[in-house]
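Worksheet: the structure to be examined is printed underneath.
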Ligand code: C5P
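Residue numbers (my numbering): 186 to 398.
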């Protein structure tokens, strides 16, 4: 079974996807983490984000050298490794946040991310922007999470104290830049994560899943 959970930035996708995956005892895959990792790789090597070729050749070289950039969907959460180095903690910086949408516009990078995800065998819950539309259109159940920009910004500020107005402005900007790949699948169930607890939203998702055969 494949379950897709798409939605706008900070709509609670990771928390909901990981809760649903835990309830089903299957892994969850964060596609956003792969975009963040590729963006971090480009920034750390001072590669341009206007041209996919240098970034793709870096990713291919790491793979050929036996130090590939890989997504590890572990029970405690998704991690990104480059060879034997865990780089997950480097992927949620303000700098990566500011550049990831530009990288995500590169069709060659989107194809690379999709190929990484297609290497993993189902069952899983896949979370991102286009999981139910472009990457796993055959998924058995699709969800689209939404919440107002203010609610999403408040959530981020609760996680890490920072200025609410600037967090909200940055989220709105990322929404705009991500709009192209963020259209909901026509067959997705929409869930507003602005009201209700995390447990209630997870239960809502689980209630829509097809019964096992
Ligand atoms: O999910 P998260 O907010 O961490 O994703 C980071 C960025 O990766 C998004 O802002 C978007 O630019 C890109 N992304 C994407 N398609 C996906 C997942 C993420 O374009 N399926």
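Glycine included, every Cβ here is placed at the ideal spot set by N, Cα and C.
Discussion item. Quick check: the Cα distance between residue 374 and residue 186, rounded to an integer number of angstroms?
Written reply: Near 17 Å, if we compare the C-alpha coordinates of residue 186 and residue 374.
Fill in: Backbone CA spacing between residue 246 and residue 396 [nearest angstrom]
Looking at the two C-alpha atoms, the distance is approximately 44 Å.
Discussion item. Helix, strand or coil, according to DSSP, for residue 234 in the structure here?
Written reply: Secondary structure of residue 234 (DSSP, three-state): coil.
Item to complete: Please check the pair residue 255 and residue 266, which I expect to be a contact at CB under 8 Å, by giving their CB distance rounded to whole angstroms.
Response: Confirmed, about 5 Å.
Worksheet item: residue 354 to residue 334, Cα distance in whole Å?
Response: Looking at the backbone, the Cα of residue 354 and that of residue 334 are separated by about 8 Å.
Item to complete: Check whether the Cβ of residue 327 sits closer than 8 Å to any heavy atom of the ligand C5P, and report yes or no.
Response: No, the beta carbon of residue 327 sits no closer than 8 Å to any heavy atom of the ligand C5P.
Worksheet item: CB of residue 399 to nearest heavy atom of the ligand C5P: below 8 Å?
Response: Shown here, the chain extends from 186 to 398; a query on residue 399 therefore has no answer.
Discussion item. So within the segment 310-356, which uninterrupted alpha helix (DSSP H) runs reach at least 4 residues, ignoring any that extend past its ends?
Written reply: You should have 334-344.
Worksheet item: From this set, 351, 381, 211, 204, which residue's C-alpha is nearest residue 307's C-alpha?
Response: If we check each option's Cα against that of residue 307, 211 comes out closest.
Discussion item. What ranges does the alpha helix (DSSP H) occupy inside the segment 237-290, keeping only unbroken runs of at least 4 residues that lie completely in it?
Written reply: Whole alpha helix (DSSP H) segments, 4+ residues: 237-249, 279-289.
Worksheet item: Is residue 205 closer than 9 Å to residue 390 when the C-beta atoms are compared?
Response: Cβ distance < 9 Å, so residue 390 and residue 205 count as in contact.
Worksheet item: Which of helix, strand or coil does DSSP assign to residue 193?
Response: Coil at residue 193, not helix or strand.
Discussion item. Closer than 8 Å is the cut-off here; do at least three beta carbon pairs connect the segment 225-238 with the segment 186-200?
Written reply: Result no; under three Cβ-Cβ pairs closer than 8 Å.
Item to complete: Take residue 248 as the anchor and find which of 343, 286, 269, 228 has the nearest alpha-carbon.
Response: Nearest of 343, 286, 269, 228 to residue 248, Cα basis: 269.
Item to complete: State the start and end residues of the unbroken beta strand (DSSP E) segment that holds residue 215.
Response: Per DSSP, residue 215 is one residue of the beta strand (DSSP E) stretching across 213-215.
Discussion item. What does DSSP give as the partner residue(s) for residue 375 in the beta ladder?
Written reply: Residue 375 pairs with 329.
Discussion item. Whole angstroms are fine: how far does the CA of residue 273 sit from the CA of residue 328?
Written reply: For the pair residue 328 and residue 273, the Cα-to-Cα distance works out to about 26 Å.
Discussion item. Measuring only from the beta carbon, is residue 213 closer than 8 Å to any heavy atom that is part of the ligand C5P?
Written reply: Incorrect: residue 213 has no Cβ contact closer than 8 Å to the ligand C5P.
Discussion item. Applying the 10 Å Cβ sphere with the 16-neighbour rule, what's the burial state of residue 233?
Written reply: Only exposed fits residue 233, as fewer than 16 other CB atoms lie within 10 angstroms of its CB.
Practice prompt. Apply the 10 Å Cβ neighbour rule to residue 382 and answer buried if 16 or more other Cβ atoms are within range, or exposed otherwise.
Written response: Using a 10 angstroms sphere on the CB of residue 382, the tally of other CB atoms stays under 16, which defines it as exposed.
Discussion item. Taking the alpha-carbon of residue 309 as reference, which of 315, 346, 324 has the nearest alpha-carbon?
Written reply: In terms of Cα proximity to residue 309, the closest of 315, 346, 324 is 324.
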